[in-house]
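Protein chains: 2
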Amino acid sequence: MLMLATEVMLGFMGEFDLIETFFKRPARHATLGVGDDCALLAVAPGQQLAISSDMLVEGRHFLSTVNPRHLGHKALAVNLSDLAACGAKPKAFMLALSLPQVDPHWLSEFSQGLWALADAHDIDLIGGDTTRGPLNICITVLGEVSATQALLRSGAQVGDDIYVSGHLGDARLALEVFRGSMKVPEAVFEHARWRMEQPTPRVALGLALRGIAHAAADISDGLLGDLGHVLKASKVGAVIDTQQVASTLACTSDPQTPIQLTLASQLALTLSGGDDYELVFTASPDQREAVVSASQASQTKLTRIGRVTASPDLVLRAADGQVLPHTFASFDHFKSP
Amino acid sequence: MLMLATEVMLGFMGEFDLIETFFKRPARHATLGVGDDCALLAVAPGQQLAISSDMLVEGRHFLSTVNPRHLGHKALAVNLSDLAACGAKPKAFMLALSLPQVDPHWLSEFSQGLWALADAHDIDLIGGDTTRGPLNICITVLGEVSATQALLRSGAQVGDDIYVSGHLGDARLALEVFRGSMKVPEAVFEHARWRMEQPTPRVALGLALRGIAHAAADISDGLLGDLGHVLKASKVGAVIDTQQVASTLACTSDPQTPIQLTLASQLALTLSGGDDYELVFTASPDQREAVVSASQASQTKLTRIGRVTASPDLVLRAADGQVLPHTFASFDHFKSP
Chain L
1074 MLMLATEVML
1084 GFMGEFDLIE
1094 TFFKRPARHA
1104 TLGVGDDCAL
1114 LAVAPGQQLA
1124 ISSDMLVEGR
1134 HFLSTVNPRH
1144 LGHKALAVNL
1154 SDLAACGAKP
1164 KAFMLALSLP
1174 QVDPHWLSEF
1184 SQGLWALADA
1194 HDIDLIGGDT
1204 TRGPLNICIT
1214 VLGEVSATQA
1224 LLRSGAQVGD
1234 DIYVSGHLGD
1244 ARLALEVFRG
1254 SMKVPEAVFE
1264 HARWRMEQPT
1274 PRVALGLALR
1284 GIAHAAADIS
1294 DGLLGDLGHV
1304 LKASKVGAVI
1314 DTQQVASTLA
1324 CTSDPQTPIQ
1334 LTLASQLALT
1344 LSGGDDYELV
1354 FTASPDQREA
1364 VVSASQASQT
1374 KLTRIGRVTA
1384 SPDLVLRAAD
1394 GQVLPHTFAS
1404 FDHFKSP
Chain B
1074 MLMLATEVML
1084 GFMGEFDLIE
1094 TFFKRPARHA
1104 TLGVGDDCAL
1114 LAVAPGQQLA
1124 ISSDMLVEGR
1134 HFLSTVNPRH
1144 LGHKALAVNL
1154 SDLAACGAKP
1164 KAFMLALSLP
1174 QVDPHWLSEF
1184 SQGLWALADA
1194 HDIDLIGGDT
1204 TRGPLNICIT
1214 VLGEVSATQA
1224 LLRSGAQVGD
1234 DIYVSGHLGD
1244 ARLALEVFRG
1254 SMKVPEAVFE
1264 HARWRMEQPT
1274 PRVALGLALR
1284 GIAHAAADIS
1294 DGLLGDLGHV
1304 LKASKVGAVI
1314 DTQQVASTLA
1324 CTSDPQTPIQ
1334 LTLASQLALT
1344 LSGGDDYELV
1354 FTASPDQREA
1364 VVSASQASQT
1374 KLTRIGRVTA
1384 SPDLVLRAAD
1394 GQVLPHTFAS
1404 FDHFKSP
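These protein sequence lines map, in sequence, to chains L and B.
Sequence positions in the first sequence follow the numbering used here and run 1074 to 1410.
Sequence positions in the second sequence follow the numbering used here and run 1074 to 1410.
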């Protein structure tokens, strides 16, 4: 596209060289990958295309000092997490990249982080765009799921169990340490930082939950917020066992490096931490065995944290049965504390 | 996604309100649109999905003073132009938007420009992302085309005619006037600016050329550059009649407001202007009648500008048959003059 201002040459390579060097590999699944006006992708008979886009901005979604290899991983991981939440099988992705300058080392590291996760999920980079500008990474992922098996936010039913996958609160813990508002042992911080920078999208779990879960969402803005979207879309409420939620915090349960945190801190981190990329889902109590099987098949820890109710409220219960106030707002990009 | 820095509230609405207010309408074609983790889209039997992404950055692809309604149009138009170049029928699009602040007037105007063009092509906005950051608009369009009918860059054959659609050079003319390097009458500038800010994606032409054109690309980086990609992908060359190319310049042929430009200026604008969003395509001379029919069916002016050759060079011929040097480089985002 036409450039609006006369600019100084910033790097040693042009846009096409950049794509050739770092982002072009033969497509294995797509009919046509990087290098034409469009990519072409076949969708299997009986399957629908599941699509999601996430945009990552420097200073907002990652620190300028982040390891670019980790950033490449994370930029794709947060998108794959959306496919996981729909029970879709990842097929391909598009990458649009705005770069302040062409830094071959940065690009090499970034692309290696990206390729490693793409390879782990056997998906192709099929197209995109590169331009100069403030650092911005926009990925669109494409997956397949049958219309009848897609996990939606709107399917939760009264009486359903509510589960979360893996561990909650790690990313927020790392952020609070970065901010200086919490102190933890070095090993705990490194683990939390690794989880913040290199989250594991729960794709295998999402696939295993097809036909079992009634509703699902990924936890990107904090459990309360994302579960809230499921409840609103399903026109139901929930009672949550906060002790079970707090138990998902990795750093308090790790026998290697146990740390003491107040219950309030544990609840803040796990209920409204954000950036977890775990799944929250609901399933009928009749399906408890099937849920255990899905957990085993996907090698993903699950914790049952509550129950769907007809009342539209989201009620937080303490261990003693008392109702807790929930003043932990969901993270929202335009309404910050 | 988790926010990294404590930020001051910038607007009156949160991310979800913003989406609800400006970017959510019932999906007409998609199974599931804005509001879940993924959008779901059915692809018709026998069709493949055509996908393209374009990222627009303030100061690079548009001026900060641009009318936001025009910007909404253009952000979608440049993406639809890629579908046109593949002969794909537009179905839906994703919008990822990074905004420095929430300005309801700007968002209302931007979304109206976007909706107007989306409505003209009967396509749904099915999902995306909004975040705070430097102004950046990333759109991914999704269309349908059968694998056998898709227009690729790689299909040009020796002996093919080469055509361009519509008018070339308008956007570059407007840019040069903005830069102060050219002066034209007000009416000429207004027309050129309109073409720069509100290009017409040649979707109808792309559809009409299926089964007729051997190869196609859209002209975003200048005719020489984009035709060059077609020739390289097809492993062929071309001889171009520069007088025919220059004749596509609207401002010199308009009887209402004729202006005089040197031939060198005409050639610079039309051969390497950029931001045209016209199509360049090749077709066998046997198909000349079919090409005329496609032009009429799509109500799109076409100009035959040359011929595909076995020699890999791109030769520019003057009216007198002389070979012209072509020192007009293709616009390239990372290798600017």
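We put the beta carbon where it would ideally sit given N, CA and C, even for glycine.
Checklist entry - beta strand (DSSP E) containing alanine 1112 of chain L: first to last residue? => result Along the first sequence, read from residue 1 onward, the residue named residue 1112 of chain L stands at position 39. Residues 1112-1114.
Item to check | Candidates B/Lys1308, B/Thr1335, B/Ala1117, B/Glu1263: closest to threonine 1382 of chain B by CA position | outcome: For the purposes of this step, residue 1382 of chain B is taken as the residue at position 309 of the second sequence. When each option's Cα is compared against that of threonine 1382 of chain B, the closest is B/Lys1308.
Checklist entry - Taking three-plus beta-carbon pairs below 8 Å as touching, is the stretch 1301-1315 of chain B in contact with the stretch 1199-1211 of chain B? => result These segments do not touch.
Item to check | Per-residue contacts from threonine 1138 of chain B into chain L (C-beta, under 9 Å) | outcome: Reading the second sequence from its first residue, position 65 is the one you call residue 1138 of chain B. Those do not exist, as threonine 1138 of chain B stays about 11 Å from chain L at its closest Cβ, beyond 9 Å.
Item to check | Separation of alanine 1265 of chain L from proline 1258 of chain L, as counted between CA atoms | outcome: Counting from one through the first sequence, the residue named residue 1258 of chain L turns up at place 185. Counting from one through the first sequence, the residue named residue 1265 of chain L turns up at place 192. For the pair proline 1258 of chain L and alanine 1265 of chain L, the Cα-to-Cα distance works out to about 11 Å.
Checklist entry - For chain B, is any of its Cβ atoms less than 8 Å away from the one on leucine 1122 of chain L? => result What you label residue 1122 of chain L is simply residue 49 of the first sequence in a count that begins at 1. Yes, contact with chain B.
Checklist entry - Regarding glutamate 1259 of chain L and the ligand ZN, is the C-beta to nearest heavy atom distance less than 7 Å? => result As far as ligands go, the structure on display features none, and thus does not contain the ligand ZN.
Item to check | 8 Å Cβ cutoff met for threonine 1355 of chain L and threonine 1321 of chain L | outcome: The residue labelled residue 1355 of chain L in the question sits at position 282 within the first sequence. The residue labelled residue 1321 of chain L in the question sits at position 248 within the first sequence. Result no, Cβ atoms of threonine 1355 of chain L and threonine 1321 of chain L do not sit closer than 8 Å.
Checklist entry - For leucine 1224 of chain L, which of L/Ser1184, L/Trp1179, L/Leu1278, L/Arg1252 has the nearest alpha-carbon? => result Reading the first sequence from its first residue, position 151 is the one you call residue 1224 of chain L. The option with the nearest alpha carbon to leucine 1224 of chain L is L/Leu1278.
Checklist entry - So, is the C-beta of glycine 1200 of chain B closer than 8 Å to a C-beta in chain L? => result Taking the first residue of the second sequence as 1, we reach residue 1200 of chain B at position 127. Against chain L, the CB of glycine 1200 of chain B has a partner CB under 8 Å away; the residue lies at that interface.
Item to check | Own chain, CB closer than 8 Å to glutamate 1182 of chain L, minus 5 neighbours either side, in chain order | outcome: To locate residue 1182 of chain L, count along the first sequence from 1; it is residue 109. Result list for glutamate 1182 of chain L: Asn1140, Pro1141, Arg1142, Gly1145, in chain order.
Checklist entry - So the beta strand (DSSP E) valine 1381 of chain B belongs to, where does it begin and stop? => result Locating residue 1381 of chain B in the second sequence gives position 308, where the first residue counts as 1. Segment 1375-1382, the beta strand (DSSP E) holding valine 1381 of chain B.
Checklist entry - For valine 1388 of chain L, which of helix, strand or coil comes out of DSSP? => result Residue numbering aside, residue 1388 of chain L sits at position 315 when the first sequence is read from its first letter. Shown here, valine 1388 of chain L sits in a strand according to DSSP, grouped into three states.
Checklist entry - Should serine 1412 of chain B be flagged as near chain L, meaning a C-beta pair shorter than 8 Å? => result Residue 1412 of chain B is absent from the model: chain B starts at 1074 and stops at 1410.
Next on the checklist: Taking the beta carbon of lysine 1256 of chain B as the centre, do at least 16 other beta carbons fall within 10 Å, making it buried, or is it exposed?
Outcome noted: The count along the second sequence starts at 1 and reaches residue 1256 of chain B at position 183. Per the 10 Å Cβ criterion, exposed.
Checklist entry - Taking only beta-carbon atoms, is threonine 1204 of chain B less than 8 Å away from chain L? => result Translated into the one-based positions of the second sequence, residue 1204 of chain B becomes position 131. At a cut-off of 8 Å between C-beta atoms, threonine 1204 of chain B counts as an interface residue with respect to chain L.
Checklist entry - Taking Cβ positions only, does proline 1118 of chain L come closer than 8 Å to chain B? => result Along the first sequence, one-based indexing puts residue 1118 of chain L at 45. At least one chain B Cβ lies under 8 Å of proline 1118 of chain L.
Next on the checklist: How far does the alpha helix (DSSP H) with leucine 1144 of chain B in it extend, from its first residue to its last?
Outcome noted: Taking the second sequence and counting its residues from 1, the one referred to as residue 1144 of chain B is at position 71. Element bounds for leucine 1144 of chain B: 1141-1159.
Checklist entry - Assuming phenylalanine 1166 of chain B contacts isoleucine 1210 of chain B under a Cβ cut-off of 8 Å, what Cβ separation, rounded to an integer in Å, is found between them? => result Reading the second sequence from its first residue, position 93 is the one you call residue 1166 of chain B. Reading the second sequence from its first residue, position 137 is the one you call residue 1210 of chain B. For a cut-off of 8 Å, the C-beta gap from phenylalanine 1166 of chain B to isoleucine 1210 of chain B is around 11 Å, too long to register as a contact.
Checklist entry - leucine 1129 of chain L lies in the beta strand (DSSP E); which residues open and close that run? => result Position 56 of the first sequence, counted from the first residue, corresponds to residue 1129 of chain L. First-last of the beta strand (DSSP E) with leucine 1129 of chain L: 1121-1130.
Next on the checklist: Cutting at 6 Å between CB atoms, please list the residues of its own chain near glycine 1239 of chain L, excluding the five before and the five after it.
Outcome noted: Looking up residue 1239 of chain L in the first sequence gives position 166. Hits under 6 Å: Glu1351, Lys1374.
Next on the checklist: Going by the DSSP bridge assignment, what does methionine 1167 of chain B pair with across the sheet?
Outcome noted: As a working mapping, residue 1167 of chain B is identified with position 94 in the second sequence. Residue pairing by DSSP places methionine 1167 of chain B opposite B/Gly1200, B/Thr1213 in a beta bridge.
Checklist entry - Hey, would you say serine 1137 of chain B sits closer than 8 Å to glutamate 1131 of chain B, going by beta carbons? => result Within the second sequence, residue 1137 of chain B is the residue found at index 64, counting from 1. Within the second sequence, residue 1131 of chain B is the residue found at index 58, counting from 1. Between serine 1137 of chain B and glutamate 1131 of chain B, the C-beta gap is smaller than 8 Å, which places the two residues in contact.
Checklist entry - Considering only C-alpha positions, which residue in the set L/Val1396, L/Gly1346, L/Lys1164, L/Asp1234 is nearest to glutamate 1362 of chain L? => result Here the question's residue 1362 of chain L lines up with position 289 in the first sequence. Measuring from the Cα of glutamate 1362 of chain L, the nearest candidate turns out to be L/Asp1234.
Item to check | Positions along the stretch 1357-1380 of chain L whose CB lies within less than 9 Å of some CB in chain B | outcome: Here the close residues number zero.
Checklist entry - Is the shortest distance between the beta-carbon of valine 1130 of chain L and the beta-carbons of chain B less than 8 Å? => result Residue mapping note: residue 1130 of chain L aligns to position 57 of the first sequence, counting from 1. Closer than 8 Å: yes.
Next on the checklist: In the DSSP output, what is alanine 1289 of chain B paired with across the bridge?
Outcome noted: Reading the second sequence from its first residue, position 216 is the one you call residue 1289 of chain B. B/Phe1354.
Item to check | Those residues which DSSP pairs with aspartate 1314 of chain L across a bridge | outcome: Numbered from 1 along the first sequence, position 241 holds the residue referred to as residue 1314 of chain L. Paired residues: L/Arg1390.
Checklist entry - DSSP state of leucine 1334 of chain L, grouped into three classes? => result The sequence position of residue 1334 of chain L within the first sequence is 261, counting from 1. Correct three-state label for leucine 1334 of chain L: coil.
Item to check | Nearest-angstrom beta carbon gap, aspartate 1348 of chain B and serine 1293 of chain B [assumed within contact, 8 Å] | outcome: Locating residue 1293 of chain B in the second sequence gives position 220, where the first residue counts as 1. Locating residue 1348 of chain B in the second sequence gives position 275, where the first residue counts as 1. With a Cβ gap of about 7 Å, serine 1293 of chain B and aspartate 1348 of chain B count as contacting.
Next on the checklist: Output needed in chain order: residues of the stretch 1303-1325 of chain B with a Cβ under 8 Å from some Cβ in chain L.
Outcome noted: Look at the stretch 1303-1325 of chain B: the residues with a C-beta under 8 Å from a C-beta of chain L are Ala1306.
Next on the checklist: Can you give me the C-alpha to C-alpha distance between alanine 1157 of chain L and leucine 1282 of chain B, rounded to a whole angstrom?
Outcome noted: On the first sequence, position 84 is the one that residue 1157 of chain L refers to. On the second sequence, position 209 is the one that residue 1282 of chain B refers to. Cα-Cα distance, rounded: 39 Å.
Item to check | Contacts that threonine 1213 of chain B makes with chain L (C-beta to C-beta distance below 7 Å) | outcome: Residue 1213 of chain B sits at position 140 when you count from the first residue of the second sequence. The answer, in chain order, is Ser1126, Met1167, Thr1213.
Item to check | Sequence-distant residues of the same chain with beta carbon closer than 6 Å to valine 1303 of chain L, five excluded per side | outcome: Residue numbering aside, residue 1303 of chain L sits at position 230 when the first sequence is read from its first letter. Contacts found: Arg1226, Ala1229, Ala1288, Ala1290.
Checklist entry - Between the C-alpha atoms of alanine 1260 of chain L and cysteine 1324 of chain L, what's the straight-line distance to the nearest angstrom? => result Counting from one through the first sequence, the residue named residue 1260 of chain L turns up at place 187. Counting from one through the first sequence, the residue named residue 1324 of chain L turns up at place 251. Roughly 10 Å separates the two Cα atoms.
Checklist entry - Is it right to say alanine 1319 of chain B is buried, meaning 16 or more other beta carbons lie within 10 angstroms of its own, or is it exposed? => result Locating residue 1319 of chain B in the second sequence gives position 246, counting from the first residue. With 16 or more other CB atoms across the displayed protein chains lying within 10 angstroms of its CB, alanine 1319 of chain B is buried.
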